[in-house]
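Visitor:
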DNA sequence: ATTTTTATTATACGCTTGTGCAATGGGCGG
DNA sequence: CCGCCCATTGCACAAGCGTATAATAAAAAT
C-alpha cells in the first residue's frame with residue numbers, strides 16, 4: 112500500500128518543530144486539547160515520532176515550558192544588560208513586560224496553561240523557580256544601577272525587597288491587562304506601572320514617565 | 112448480590128459535597144487528575160451521581176471555580192465594607208490577601224489549576240471577570256475613603272487607576288509568595304506590599320506600616 | 001403497612017489517550 | 001549506483017475517560 116512521503120530533518124530542527132507545535136496547540140486548545148496527535152499533526156509528522164525525540168509527552172511539555180519561559184524572559188535580560196542610562200533601561204524593562212509580545216493573548220494563554228502544573232509537578236516548579244530568580248536578579252541589577260546613578264545608597268536587603276515588590280507589580284499588572292484584554296490598553300497599563308515604580312523607588316516625578324504622562 | 116448501603120442527602124448538601132470534593136481533587140492532583148471517579152470517591156459516592164446534580168463534568172468544574180473565587184474574595188469584600196478608619200481597613204485588606212488562607216499552598220494550587228481555562232473557555236472567563244471587577248471596586252472604595260479621611264481630593268479616573276495598580280501589586284506578590292513559598296515568609300511579603308502601597312498613594316511613612324516596620 | 005418516588009448504585013459503552021513496535025523508505029557513505 | 005542506517009510511518013493495544021441507563025433501595029407519602 113502507499114505510504115505517505117516524508118522528509119528527514121536534523122535532530123535540532125525536528126525538536127524545535129515539535130516544541131513550537133506543542134506551544135501552538137497549548138495556546139489554542141489548552142493543555143487538555145494539546146494531545147500527541149494534535150501536536151504531531153501541527154508539526155506535520157505522525158504521533159509516533161514524538162517518542163523518538165522525547166522520553167514521553169511529559170518531557171516534551173517540560174521542554175516547551177522551558178522554551179516559553181526563556182522567550183518571555185529574554186527581552187528583559189537583554190535590556191537589563193544594555194549600556195545606557197539606568198532609569199531609561201528600567202523604563203524600557205517595564206514597558207517590554209507590559210506590551211506585546213509579552214503582554215498578548217497567546218503568551219498569557221500559554222503561561223496560564225502551564226502554571227497549573229507548578230504546584231503538582233516538581234520539574235515544572237523547578238523551571239519556574241529558575242526563571243523567576245533570574246528575572247528578579249536582572250530587575251534588582253537595574254534598580255541598583257539607578258540608585259548608583261542618582262548617588263543614593265541602597266543595601267542588598269533593601270534592593271532585593273524592592274525588586275520583589277516591583278516584580279510583583281509587573282507580574283500582576285501583566286496578568287490583569289492580558290487576561291482581560293478588552294478593558295485596558297497597553298499604554299494605560301504601562302503608564303500606571305511606570306508611575307507606581309517611580310513612587311516605590313522615590314524617584315522624582317517624570318524620571319520614568321517623562322513622555323508618557325497623561 | 113450485595114449492593115453498597117448508602118444514605119440520601121438533601122440536594123444542597125450533596126451539591127456542596129461534590130463541589131468540595133472537586134476542589135480537593137483539583138488542589139491535590141491538578142485538573143488532569145481530577146477525574147469523575149476520583150471526585151466521586153472523595154465525596155463518598157459513585158461516579159454516576161455527578162450527572163444527577165450537574166449537566167456534566169464541565170458544569171461541575173465551573174461551579175467549583177465559582178465557589179473558589181467567592182471564598183477567595185469574601186474576606187476582602189467584608190473588610191472593605193467594615194466601619195472604622197479607612198487606612199486601617201486598607202492595611203487589613205492587603206494583609207488578608209497576603210496571608211493564609213488566601214496565600215497558601217492549597218489556594219494557589221486551585222487558582223493556578225483553573226486559570227488555564229480562562230483563555231480557552233468563555234464561561235470561565237466570565238466568572239473571572241465578574242470577581243475581578245468586584246474586587247477592584249472594593250479596593251477602589253477603600254482608596255477613596257482613605258483620601259477623604261485625609262482631606263485629599265481624587266477624581267474617579269485617578270482612583271480607578273490606583274486601584275488597578277495596587278490590585279496588580281497585591282496579585283503579583285500573592286502569586287510570587289505563594290508559588291515559591293519557601294523563599295519568603297508572610298510577614299516580609301506583607302510588609303513590602305504595605306510599604307509599596309504607602310508610596311503609591313503618597314501616604315506619610317507609617318500610615319499603613321506603623322507596627323510591622325523593619 | 002403499603003405504595004410511590006427518586007436518589008443512588010452498578011455496569012456497560014464508545015471514544016480518546018499515550019505508548020510500543022514492526023515495517024518502510026529517505027538520504028548518506030562507499 | 002548500491003547498500004546500509006535510522007528517522008519516520010502506520011497500526012495495534014491497554015488503560016482511562018465522561019456518559020448513558022437499568023436496577024435498586026432509602027425515605028417520603030398515603
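Residue numbers (the numbering used here), protein chains in the order written: chain A, 112 to 325; chain B, 112 to 325.
Note that CB positions come from ideal geometry on N, CA and C, so glycine has one too.
Please read these numbers as outputs of a predicted model, since none were measured by experiment.
1. Along the region 210-221 of chain B, what residues have a CB closer than 8 angstroms to any CB found in chain A?
2. Determine whether the Cβ of residue 226/A lies closer than 8 angstroms to any Cβ atom of chain B.
3. Beta carbon of residue 229/A, beta carbon of residue 207/A: below 8 angstroms?
4. By the three-class DSSP mapping on this structure, what secondary structure does residue 265/B have?
5. Quick test of the definition: if touching needs 3 or more C-beta pairs under 8 angstroms, does the region 128-143 of chain A touch the region 174-182 of chain A?
6. Using a C-beta cutoff of 8 angstroms, does residue 324/B count as contacting chain A?
7. Pick from 226/A, 144/A, 224/A and 180/A: whose alpha carbon is nearest that of residue 241/A?
8. Taking C-alpha atoms, which residue in 227/A, 313/A and 295/A lies nearest to residue 290/B?
9. Could you name the residues of chain A that residue 239/B contacts, counting a contact when the two beta carbons are closer than 9 angstroms?
10. Tell me which residue opens and which closes the alpha helix (DSSP H) that residue 260/B is part of.
11. Using 8 angstroms for Cβ pairs, my map puts residue 91/A next to residue 304/B. What's the rounded Cβ distance?
12. Is the shortest distance between the beta-carbon of residue 255/A and the beta-carbons of chain B less than 8 angstroms?
13. Of the residues 243/A, 214/A, 165/A and 320/A, which one's Cα is nearest the Cα of residue 288/A?
14. Does chain A have any CB closer than 8 angstroms to the CB of residue 230/B?
15. Can you give me the Cβ contacts of residue 292/A inside the same chain, cut-off strictly under 7 angstroms, excluding the 5 residues immediately before and after it?
16. Mind listing the chain B neighbours of residue 150/A? Cutoff is C-beta to C-beta under 8 angstroms, in chain order.
17. Just reading off the alpha helix (DSSP H) that residue 198/A is part of, what are its end residues?
18. For residue 138/A, which of 248/B, 231/B, 167/B and 197/B has the nearest alpha-carbon?
19. For residue 113/B, does the three-state DSSP call read helix, strand or coil?
20. Which whole runs of the alpha helix (DSSP H) in the region 122-199 of chain A are 4 residues long or more, in chain order?
21. So, are the CB atoms of residue 273/B and residue 201/B less than 8 angstroms apart?
22. Using alpha carbons as the reference points, say which of 150/A, 210/A and 195/A lies closest to residue 168/A.
23. On the three-state DSSP scale, how would you describe residue 294/B?
24. Report the rounded CA-to-CA distance for residue 192/B versus residue 269/B, giving the unit in angstroms.
25. Please confirm whether residue 160/A has its beta-carbon closer than 8 angstroms to some beta-carbon of chain B.
26. Any beta-carbon of chain B closer than 8 angstroms to the one on residue 272/A?
27. Tell me the residue span of the alpha helix (DSSP H) that contains residue 226/B.
Guide: Taking the coordinates as given:
1. 216, 219 and 220
2. yes
3. no
4. coil
5. yes
6. Low local confidence applies: a pLDDT of 43 at residue 324/B is under 50, so the model's placement there is unreliable, and no value is given.
7. 180/A
8. 227/A
9. 290 and 291
10. 233-260
11. The structure shown does not extend to residue 91/A, since chain A is modelled only from 112 through 325, so no value can be given for it.
12. no
13. 214/A
14. yes
15. 216
16. Neighbours of residue 150/A on chain B: none; closest Cβ ~16 angstroms, over 8 angstroms.
17. 197-208
18. 231/B
19. coil
20. 122-144, 147-154, 161-164 and 168-192
21. no
22. 150/A
23. coil
24. 21 angstroms
25. no
26. yes
27. 216-226
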